[in-house]
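What follows is a short report on a single structure.
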Amino acid sequence: MHLIGSLTKGGAERFVVDLCNELAKDERYEVSLLSLRGNDLERGFRKEIQDKVRYISFGKGPGINFLVMFRLTAWLETENPDFVHSHLNGFEYLALYFLRSSRTRFFHTLHNIATKECPSYFARIFRKTCYKKNKVQAITISEDVKQTFQECYGLGNDILIPNGRPDLVQTPAYKEVFKEHRLGSDTFLLVHVARITAQKNQELLIEAVQQFNSTETKKCSLLLIGEAKNESLHQKLQRMASGDPHIRFLGGKYNVVDYLSLADAFCLSSFYEGMPISIIEAFSVGCIPICTPVSGIKNMIRHGHNGFLSKDKSVNSYCDAIKEALYHPHKEMIRYKGKQSFLSNYHISITARNYNRAYQQQTPELQAFHHLPTPSF
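For the sequence shown, the numbering used here assigns the number 38 to the initial residue and increments by one for each residue that follows.
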């Protein structure tokens with residue numbers, strides 16, 4: 038069973054749905070996806086849950102809800118699952134069940150650097166106790182996240198498993214997207230996919246694109262795709278781009294693959310990251326990523342090989358990275374290397390296989406109970 042706060046559009050939410058769908062392909066397992074909050078069928082990823090995955094929602098509203106914690110605990114006691122795997126804020130809602138279950142094995146994936154993934158000091162104390170006593174097995178998603186886990190909790194007992202995505206297929210909307218943003222255009226097309234939050238640092242991206250366009254004959258068009266989680270920041274960014282015909286805010290989109298498929302490059306200018314799902318999506322369709330050299334991104338991109346990294350988080354440096362990427366003489370080879378990175382490291386089948394191994398490695402008695410094969414490493 039995988040537990041997450043909600044299934045709104047975000048990288049961790051996207052990943053959990055993909056992972057559950059992939060794990061459910063194994064006939065030995067029954068997979069359930071538990072969401073603390075309710076999810077609109079059209080606005081998030083709920084509609085992408087496959088039939089083999091059981092979906093349960095506990096209807097939580099904003100803020101901490103102890104009633105939901107009690108309901109979740111009672112439900113889990115009835116189900117008595119072999120594994121419960123939490124994500125994001127799902128961890129603390131399992132506190133009562135931790136105390137009541139001696140059979141269930143618990144896992145938690147850190148989807149960001151440790152201090153950002155769990156900013157509360159008291160929550161970190163609670164989590165450290167669970168990790169230290171091996172009540173919960175921590176899963177980290179990149180070398181940088183692994184390092185921050187060890188620094189934050191003073192432990193080295195995590196398991197590193199990179200994120201993954203399935204093969205992406207263009208949707209029926211691709212032709213319309215092409216007509217609107219590519220047909221007859223004489224600009225470079227840049228696509229940014231991320232929620233509008235301070236972490237994603239869209240201000241740097243907009244300034245760098247505007248600087249590029251102020252000096253170059255061939256301009257860049259920038260499409261920002263993602264829901265506004267910070268409305269005051271959203272308004273500030275819109276003021277920065279006001280009157281600029283080359284910058285557009287598109288909001289959340291279900292068909293991100295269509296935009297990445299026709300873009301010259303994918304841009305991510307974050308202050309910090311775990312292992313962005315959006316970069317994996319860009320790799321999968323051969324869209325060249327241009328990113329800031331932060332956290333897990335540095336573990337994914339080799340500059341000039343499968344993408345480009347700015348030297349630092351300054352506007353000048355990021356603008357230089359855009360120029361290097363767009364004017365590079367071997368862009369097709371870099372696109373190919375990106376696709377190879379996806380197939381070799383970030384396909385969801387690889388990720389699911391590694392999660393299966395982690396589950397089996399931690400539960401030898403359950404292997405015998407379910408007649409599971411011992412994993413080879």
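Idealized CB from N, CA, C, for every residue including glycine.
Simplified DSSP state of residue i, which is helix, strand or coil
{"i": "Lys-290", "result": "coil"}
{"i": "Glu-331", "result": "The residue you asked about is not Glu; residue 331 is Val in the sequence shown. Residue state, collapsed to three classes: coil."}
{"i": "Thr-146", "result": "strand"}
{"i": "Tyr-364", "result": "coil"}
{"i": "Ala-175", "result": "strand"}
{"i": "Ser-257", "result": "One point to set straight first is that residue 257 is Cys, not Ser, in the sequence displayed. Reduced to three states, the DSSP call for Cys-257 is strand."}
{"i": "Ser-123", "result": "strand"}
{"i": "Gly-96", "result": "strand"}
{"i": "Ala-231", "result": "coil"}
{"i": "Leu-409", "result": "Bear in mind that a pLDDT of 48 at Leu-409, under 50, signals an unreliable position, so the model cannot answer this."}
{"i": "Gly-323", "result": "coil"}
{"i": "Val-206", "result": "coil"}
{"i": "Leu-104", "result": "helix"}
{"i": "Phe-414", "result": "With a pLDDT of 34 at Phe-414, under the threshold of 50, the modelled position of this residue cannot be trusted, and the question is left open."}
{"i": "Arg-276", "result": "helix"}
{"i": "Ser-381", "result": "helix"}
{"i": "Leu-131", "result": "helix"}
{"i": "Ile-284", "result": "strand"}
{"i": "Thr-72", "result": "The sequence shown places Ser at residue 72, rather than the Thr named in the question. Strand, per DSSP."}
{"i": "Cys-304", "result": "strand"}
{"i": "Leu-270", "result": "helix"}
{"i": "Ala-265", "result": "strand"}
{"i": "Arg-91", "result": "strand"}
{"i": "Gly-193", "result": "coil"}
{"i": "Ile-162", "result": "helix"}
Span separating the alpha-carbon of residue i from that of residue j
{"i": "Val-90", "j": "Ala-278", "result": "42 Å"}
{"i": "Gly-288", "j": "Ser-138", "result": "43 Å"}
{"i": "Gln-272", "j": "Phe-286", "result": "11 Å"}
{"i": "Leu-44", "j": "Thr-254", "result": "43 Å"}
{"i": "Thr-234", "j": "Ile-327", "result": "19 Å"}
{"i": "Ile-243", "j": "Ala-49", "result": "25 Å"}
{"i": "Cys-324", "j": "Ser-315", "result": "11 Å"}
{"i": "Lys-368", "j": "Gly-344", "result": "9 Å"}
{"i": "Ser-222", "j": "Val-214", "result": "13 Å"}
{"i": "Glu-264", "j": "Lys-237", "result": "12 Å"}
{"i": "Gln-275", "j": "Glu-310", "result": "24 Å"}
{"i": "Pro-313", "j": "Gly-333", "result": "8 Å"}
{"i": "Gln-398", "j": "Ala-151", "result": "24 Å"}
{"i": "Gln-239", "j": "Glu-116", "result": "44 Å"}
{"i": "Tyr-130", "j": "Met-106", "result": "5 Å"}
{"i": "Leu-305", "j": "Arg-140", "result": "42 Å"}
{"i": "Pro-366", "j": "His-340", "result": "14 Å"}
{"i": "Ile-317", "j": "Leu-133", "result": "36 Å"}
{"i": "Arg-394", "j": "Ser-354", "result": "41 Å"}
{"i": "Phe-135", "j": "Asp-77", "result": "30 Å"}
{"i": "Lys-169", "j": "Tyr-190", "result": "9 Å"}
{"i": "Phe-303", "j": "Lys-290", "result": "15 Å"}
{"i": "Met-337", "j": "Ala-160", "result": "30 Å"}
{"i": "Gln-248", "j": "Arg-51", "result": "33 Å"}
{"i": "Gly-47", "j": "Ile-262", "result": "12 Å"}
{"i": "Glu-188", "j": "Asp-357", "result": "33 Å"}
{"i": "Lys-153", "j": "Asp-119", "result": "29 Å"}
{"i": "Gln-87", "j": "Gly-100", "result": "29 Å"}
{"i": "Phe-308", "j": "Lys-335", "result": "12 Å"}
Cβ-Cβ distance between residue i and residue j below 9 Å
{"i": "Ala-245", "j": "Val-352", "result": "yes"}
{"i": "Met-38", "j": "Ser-69", "result": "yes"}
{"i": "Val-121", "j": "Leu-40", "result": "yes"}
{"i": "Glu-59", "j": "Ile-385", "result": "yes"}
{"i": "Thr-329", "j": "Gly-201", "result": "no"}
{"i": "Phe-143", "j": "Ser-157", "result": "no"}
{"i": "Val-331", "j": "Lys-350", "result": "yes"}
{"i": "Arg-232", "j": "Lys-256", "result": "no"}
{"i": "Gln-207", "j": "Ser-347", "result": "no"}
{"i": "His-283", "j": "Asn-250", "result": "yes"}
Integer Cβ distance of residue i from residue j, believed to fall under 8 Å
{"i": "Gly-42", "j": "Asn-102", "result": "Not really, about 11 Å apart at Cβ, beyond 8 Å."}
{"i": "Leu-241", "j": "Asp-301", "result": "With a Cβ gap of about 19 Å, Leu-241 and Asp-301 do not count as contacting."}
{"i": "His-218", "j": "Leu-259", "result": "Not confirmed; about 11 Å, so no contact."}
{"i": "Ile-178", "j": "Pro-199", "result": "6 Å"}
{"i": "Gly-96", "j": "Gly-75", "result": "5 Å"}
{"i": "Leu-205", "j": "Val-53", "result": "That belief does not hold up - the Cβ atoms of Leu-205 and Val-53 are roughly 17 Å apart, past 8 Å."}
{"i": "Tyr-383", "j": "Leu-56", "result": "The Cβ separation is near 13 Å, so there is no contact."}
{"i": "Phe-128", "j": "Arg-83", "result": "No, Phe-128 and Arg-83 are not in contact; Cβ-Cβ is about 22 Å, not under 8 Å."}
Query raised in the report: With contact counted as at least three CB pairs below 8 Å, one residue from each stretch, are the stretch 368-388 and the stretch 179-189 in contact?
Result: The answer is no - the stretch 179-189 does not touch the stretch 368-388, with fewer than three Cβ pairs under 8 Å.
Requested in this report: Could you say if the stretch 186-195 and the stretch 138-158 meet the contact criterion of at least three C-beta pairs nearer than 8 Å?
Outcome: They touch, by the three-pair rule.
Query raised in the report: Can we say the stretch 294-313 touches the stretch 108-117, given the rule of at least three CB pairs closer than 8 Å?
Result: Fewer than three pairs of CB atoms, one per stretch, sit closer than 8 Å, so the stretch 294-313 makes no contact with the stretch 108-117.
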